[in-house]
Structures are given as structure tokens and as C-alpha cells.
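Numbers in this note's numbering are just positions in the sequence shown, counted from 1, shifted up by 976.
The beta-carbon is built from N, C-alpha and C at its ideal position, and this holds for glycine as well.
Computed from a predicted model, the values in this text were never measured in an experiment.
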Amino acid sequence: MWTQQDTDAAARDLPALRPSDLLHFNSAGCSLPSRRTLSAVQEYYTSEASSGGYETADAQQDALLLPYTALATLLNCRCDEIALVSSATAAWQQVVYGLAWTWKPGDRVLISAAEYGSNCIALLQLARRTGITLEAIPDSPDGDIDVEQLEGMLDTGRLPVLVCLSHVPTSSGRVYDAAAVGAVCRRRGVLYMLDACQSVGQLPVDVQQIGCDFCSGTGRKYLRGPRGSGFLFCRSDALDKFEPACLDNIGASWTGRSQYTLAPGAQRFESYELSFAAKVGLGVAVSQCCELGIAVIWSRIKQLADLLRAGLRELPRVLVCDVGRNLCGLVSFNVESLEAGEVQRLLAEQHINTSVSRTGSSRIDFENRGLSAVVRASVHIYISESQVQQLVAAVAALPLGKGS
């Protein structure tokens, strides 16, 4: 069971660089790193400056291998099924643009109703190029993915070439039933791409149990790693179904004047140039996550998020916008008579960090629910119950908007 001593220890592990009164409720955007992660990044950069970049890489091979082993442990997969890239979007695009080489007019791609904007923009571009059609899987009445509707869509017309799911959407705190989608896709032999950008690091993401073929994620959110770090899981039996969108001397070898050979395993998705300091920092961050235990982290995050939702729901001017049978550490809400961006600004003036998600980030979901924007307050283990209460009190004290 999580104790006050655990909260104090997590808070002490934050770098002492921020204002002491800062309340950071933005882990779903970009979380705060631990001291160990920050030190690892700083020390690597210092070594590059003093010894040289190539020389530092040669000397720190163990640190550069750590993110592969740590992510393999966290995701329950093999090290050679992990690729390190610059972002979750880069990982996602390496797969989807690579698959698109084989797509033909009339092929179908299924997406969740709350699919992320960047993913949808890429798929719309590919629809123009290839003639594919995009279809949104409806939500169930309780806000989860409608598995029965998904099965019906797979039984109707041409079998989809890909199913995409944003595990935790940007627009609310729901957690889609990724494993139920995986079970359907595996039975029907349909490739399945899971965007775990906002789930990995706060809740268990077991790629074996979920059954996804691909899983993309970022370092900067709940994993508390550096910006500019991301990863891709590619199931070994999906590797040879396509080529990555882009290749260089890391992803392939030039084996003849007119010939190249793909790198073995998921390394073929990587590019030579990447922040090696960020790579080292990601390894430390994921290792700390594994050391504490994702089940422990998830239990604490749910506890804090439940407390925050309950507090916000008691406020007469506040609408909590989260939907779904399973909710996570991202809490979305709006305040009557105040635009979401104004709420964010007013809270920032009190040293409270939140973020805003707008229609373009998840257009289908926002339009289905009649929303244009939501404020997002996301908790992590270094947040205390008293800080949750401070946020609720600050929201309660927000002024009325103009014309109210």
C-alpha cells in the first residue's frame, strides 16, 4: 500500500530546479524527470563535451543498451523487438508509412473514435496517396471501444489492412480495452497498431496480453524520460510483412551496388542520428519505473485521479468530461463561462501546470461529444493528496468569465 513516506520519497526525487511551490499536473503532456534521469542526461552531455560524441558512445555501451532491456521488461517482450526513435509519432509513422507501400485503392484502415490528430492526419494523407478508406470504430454506450461493432466491421467488406487504437486518448481519461481489440485482430489475422503514448508508464502495458503487432510510445510523458525519446515495439512475426518507411545505415546495410539488407529485429526502424543523452536518460527512467513496479504506480495514480475527479465533481461550475468504464490519471474538465485556455492561464498564474486538448487533437471524439476543448490535469506519483486539494480549491476560486 502506498504511504505518505512513499509520496515524500517521490517528491524528494524531483530535481531541485523548479519553483518550490510548483504543482505539476501535466504528466500526460510532459512529466517531471527524477534526479537520476536528469543526472544521467547531464553527465552524458558532459562526457560528450569533454571526450567527444563517438568516444562517449563507445565508452557507455551498457548505458545505451539499458533502454532496450528495461523496455523489454516493462512491455513483456524481447529486446530485439524494441526500436528507439525520437518520438512516439516517429515510431508510429515508421510502421504506418511503411505498411502503406502495399496498400491499394479500397483497402480499409479502422481507427478508434478518439484517435489522435497526428495519426489521423497521416492516415488522411495516405488516403489521398493510396485510395484507402478510414472508418472509425464506434464507442460502446459506456465509453469503451465497441468490440461487437468492431467484429461486425471485420465481417463486412474487404478485411482491413490495419486497426489503429489510441490506448489512452488525448481528449479524456478513458482507457480503451486494448486487449479485447487485440483478441479480435489476432483471430482474424489483422495487423494491430497500439498508440501507447499516454498509457505506458502509468498503467500496465503488456504487449503479449494485449496482442498488438506494434506499439508506439514516448519517453516524456508518464515514463518521465527526456523529450526527444520514443520507442517502437514490433512483434517478431510482423517484421517481414513490410519495410520501414525510411532506412539508413542503421536500419539496413548497403550490401551491393544495387542491394541492401535490412537489419535484424526492430533495429531496422531506427535512424543513426538520435540524442544519445536522451537514449541514456530513457533507460534510467524506464528502469526506475520497473524498480518501483508498474502495478504500484498504477494503483497510486488511480487513487489520486479518483480523488481529483471527486473533488472537481463537487464544484457547481465544473463539468468533468471523462468517459469510459476504466479511467486513468488524465482528468479532463471544463469550467462554466471560462474557455479552457483561460482556465489553464489562470491556474498557471498560481504555479499550477495543466494543459488543454482541442478539437484538432481528436476531432471525431470532440465532435461526437459536442466539445471544442478540455482542460487536462494529470497526476503522477510525486503528487500528494494535499496538492490535489490545492488544485480543486484553485479551480473553485476561478473568476466568472466575461458576460456571465
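Check: So is Asp-1118 buried or exposed if we call it buried at 16+ other beta carbons inside 10 Å?
Finding: exposed
Margin query: So for Ala-1349, helix, strand or coil by DSSP?
Written below: strand
Check: Among residues of its own chain, excluding the 5 on either side of Cys-1366, which ones have a beta-carbon nearer than 7 Å to its beta-carbon?
Finding: The amino acid at residue 1366 is misidentified as Cys; the sequence shows Gln. Only Leu-999 meet the Cβ criterion.
Note to self: I'd like to check one pair, Leu-1288 with Val-1355: are the Cβ atoms closer than 8 Å?
What the structure shows: no
Note to self: So Val-1260 and Arg-994 are supposed to be a Cβ contact under 8 Å. How far apart are they, rounded?
What the structure shows: Going by Cβ atoms, the distance from Val-1260 to Arg-994 rounds to 19 Å, so no, they are not a contact pair.
Next item on the list: Using alpha carbons as the reference points, say which of Ser-1229, Tyr-1358, Pro-1081 and Gly-1093 lies closest to Tyr-1198.
Entry: Tyr-1358
Notebook entry, point to check: Residues bridged to Tyr-1198 by DSSP?
Noted result: In the DSSP output, where bridge partners are listed per residue, Tyr-1198 has none listed.
Check: Exposed or buried, what is Arg-1211 when buried is set at 16 or more other beta-carbons lying within 10 Å of its beta-carbon?
Finding: buried
Item checked: Per-residue DSSP class, three states only, for Trp-1068 -> helix
Notebook entry, point to check: According to DSSP, which residues form a beta bridge with Ile-1113?
Noted result: Ser-1088
Margin query: From the DSSP secondary-structure annotation, give me the bridge partner or partners of Arg-994.
Written below: Beta-bridge pairing links Arg-994 to no other residue.
Check: Using the C-alpha atoms, what's the distance from Pro-1375 back to Cys-1053?
Finding: 50 Å
Margin query: Residues in the same chain with beta-carbon distance under 7 Å from Gly-1158, minus the five sequence neighbours each way, listed in chain order, please.
Written below: Tyr-1168, Ile-1186, Gly-1187 and Cys-1188
Item checked: Reference Gly-1204, options Val-1332, Leu-1126 and Ala-1254, closest by Cα -> Ala-1254
Margin query: For the beta strand (DSSP E) containing Leu-1238, name the first residue and the last one.
Written below: 1235–1238
Note to self: Given this structure, state the Cα-to-Cα distance separating Pro-1136 from Trp-1079, to the nearest angstrom.
What the structure shows: 10 Å
Notebook entry, point to check: Touching or not, the stretch 1315–1333 and the stretch 1119–1138, by the rule of three or more beta carbon pairs under 8 Å?
Noted result: no
Notebook entry, point to check: When DSSP builds the beta bridges, which residues end up paired with Asn-1329?
Noted result: His-1000
Checklist line | Rounded C-alpha distance that separates Arg-1242 from Asp-1131 | finding: Contrary to the premise, residue 1242 reads as Ala rather than Arg in this sequence. The straight-line gap from Cα to Cα measures roughly 32 Å.
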